[in-house]
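What follows is a single structure, written as structure tokens, with notes after it.
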Amino acid sequence: MKRIHLATGLILLLCAAAAAQTWSSYGGDPGGARFSSLSQIKKGNVARLKVAWTFHTGDVSDGKDGRPKSKFEVTPILFNDTLYASTPFNRVIALNPEDGSQRWSYDPKIDLKRHYSESLVSRGVSAWEDKTAASPAACRRRIFLATLDARLIALDTSSGKPCEGFGTGGSVDLTQGVGNVDPGQYEVTSPVAVINDIVVVGSAIGDNRKVDVERGTVRAFNARTGRLLWSWDPIPRDGRTGAANAWSAMSVDPGRDLVFVPTGSAAPDFYGGERLGDDLFANCVVALRASTGKIVWHFQVVHHDLWDYDVASQPLLTTVQRDGRNVAAVVVNTKMGHVFVLDRETGKPLFPIEERRVPASDVAGEEAARTRSSVGQR
168 MKRIHLATGL ILLLCAAAAA QTWSSYGGDP GGARFSSLSQ IKKGNVARLK
218 VAWTFHTGDV SDGKDGRPKS KFEVTPILFN DTLYASTPFN RVIALNPEDG
268 SQRWSYDPKI DLKRHYSESL VSRGVSAWED KTAASPAACR RRIFLATLDA
318 RLIALDTSSG KPCEGFGTGG SVDLTQGVGN VDPGQYEVTS PVAVINDIVV
368 VGSAIGDNRK VDVERGTVRA FNARTGRLLW SWDPIPRDGR TGAANAWSAM
418 SVDPGRDLVF VPTGSAAPDF YGGERLGDDL FANCVVALRA STGKIVWHFQ
468 VVHHDLWDYD VASQPLLTTV QRDGRNVAAV VVNTKMGHVF VLDRETGKPL
518 FPIEERRVPA SDVAGEEAAR TRSSVGQR
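In our numbering, the protein residues as written are 168 to 545.
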């Protein structure tokens, strides 16, 4: 029950914003700023707030009934005057933000008794509007759900029904084209990125099973039809090494036609004797041209990762002042405690970064990187 109450608390947080502005993306806006200009709630009145409503998803598992344990990690979105959220069981629910009543729900019917490497979890959904479609055409506005069993599903925002013209019956099978897939080991846990009329999808891959795990391929699909537009493999084919997948949330800059992809470590996490070198493009923020999938720039936060230092945080698109001028920037938070601030168009650091020498590995067959990118104190 504790996780269900957490769900209602998160939904109520967004409910307060309903009348003033939307929260139409996982990070508040496509750049992950998580900033609200709302000022109604202040230090002087916050103590007088009361619960307006609660909603219980009921989708919780303690792992005792043959199902994996569940984790509630969703950030609901407010789009088309409706709150949309996904549950740990991958159901999508649409709620009236005024009173919390359910407008519809959709169940993709994942296998709840399968072992998933990430447990039962879903961090949210994404929204898109077809500005060329006549109103009120069905599926003119869509909710995109990516599931634990690796499907990309398009739903009509008003009815919750699958959009039949998208993929096959409203769904695209994401297990195709990423190598041999072990059931429950290739998943999607974070919301997809939407830029213009393109849906960009990463993946979550079970760690430390073997070297030749599934490919960490990032793919882009037509938001109307589900047709594959491009794919990008963060580890160019040079042997068996897999992963380096983008399991976290991506950010997009529609005006610059850029999608910012945070990648994880190559497989396996803690031994690199089978993947010598820097392991590009693992452990990077990579700027891809959204219309083509071509690399514009990359920045690697750790070379030849041996510590599972995935880029776990959504890249933050913001503006910083440097030398008296405003510069469009990408802020990259890391597991190491370093924060890298990069020029959004070039990937060049906006604050000094140095490559510091680090000790060599004494593990047989391992060749650790000689340096590590560092910021801050000496």
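Even for Gly, the Cβ is constructed at its ideal location relative to N, Cα and C. Just so you know, these numbers come straight off a predicted model, no measurement behind them.
Practice task
Please go through the same chain and pick out, in chain order, the residues whose beta-carbon is closer than 8 angstroms to the beta-carbon of Ser-480, but skip the five residues on each side of it.
Solution key: Ser-415, Pro-429, Val-499, Asn-500 and Thr-501
Practice task
Name the one or two DSSP bridge partners that Glu-521 has.
Solution key: Ser-541
Handout entry: Beta-carbon proximity check, Pro-516 vs Leu-447, cutoff 9 angstroms
Key = no
Practice task
Return yes when at least one heavy atom of the ligand SAH lies under 8 angstroms from the C-beta of Tyr-251, else no.
Solution key: With respect to small molecules bound, the structure shown includes none, and the ligand SAH cannot be examined in it.
Handout entry: Residues of its chain near Asn-375, where Cβ-Cβ distance is below 6 angstroms and the 5 sequence neighbours each way are ignored
Key = Pro-435 and Asp-436
Problem - Spatially closest choice to Thr-221 from Arg-524, Asn-450 and Gln-269, by CA coordinates - result: Gln-269
Practice task
Ignore the nearest five residues each way along the sequence and tell me which others in Arg-170's own chain have a CB closer than 8 angstroms to its CB.
Solution key: Bear in mind that a pLDDT of 42 at Arg-170, under 50, signals an unreliable position, so the number given afterwards is only what the model happens to contain. Excluding residues within five positions, the ones whose Cβ falls inside 8 angstroms are Val-227, Ser-237, Lys-238, Phe-239 and Pro-255.
Handout entry: Outcome for Ile-208 when other beta-carbon atoms lying within 10 angstroms are tallied against a minimum of 16
Key = exposed
Exercise for the section: Kindly list the residues whose CB is nearer than 6 angstroms to the CB of Glu-296, restricted to its own chain and excluding five residues on each side of it in sequence; keep chain order. Expected result: Arg-308
Practice task
Assuming Pro-482 contacts Ser-418 (C-beta within less than 8 angstroms), just tell me the rounded distance between them.
Solution key: 5 angstroms
Practice task
Put Arg-423 into one of helix, strand or coil per three-state DSSP.
Solution key: helix
Exercise for the section: Enumerate in chain order the residues of its own chain whose CB-to-CB distance from Arg-258 is below 8 angstroms, with the five nearest sequence positions on each side excluded. Expected result: Thr-224, Asp-226, Ser-272, Tyr-273, Asp-274 and Pro-275
Practice task
State yes or no: is the C-beta of Gly-514 within less than 9 angstroms of the C-beta of Val-468?
Solution key: no
Handout entry: Spatial neighbours of Thr-392 in its chain, beta-carbon cut-off 6 angstroms, leaving aside the 5 residues before and after
Key = none
Handout entry: Simplified DSSP assignment, three categories, for Val-428
Key = strand
Practice task
With a 10 Å radius around its C-beta and 16 neighbouring C-beta atoms as the bar for buried, classify Asp-206 as buried or exposed.
Solution key: Reading off the sequence shown, one finds Ser at residue 206, where the question assumed Asp. Exposed, by the Cβ-count rule.
Problem - For Val-288 and Ala-317, the rounded distance between their alpha carbons - result: 13 angstroms
Practice task
Thinking Ala-371 and Thr-356 are a contact (beta carbons under 8 angstroms), I'd like their distance in whole angstroms, please.
Solution key: 5 angstroms
Handout entry: From Val-497, Val-380, Ala-390 and Leu-425, residue whose alpha carbon lies closest to that of Thr-408
Key = Val-380
Practice task
Could you pull the start and end residues of the beta strand (DSSP E) that Val-213 belongs to?
Solution key: Where Val-213 is concerned, there is no enclosing beta strand (DSSP E), given that its DSSP letter is neither H nor E.
Practice task
List in chain order: all unbroken alpha helix (DSSP H) runs of 4+ residues lying wholly within the stretch 452-521.
Solution key: none
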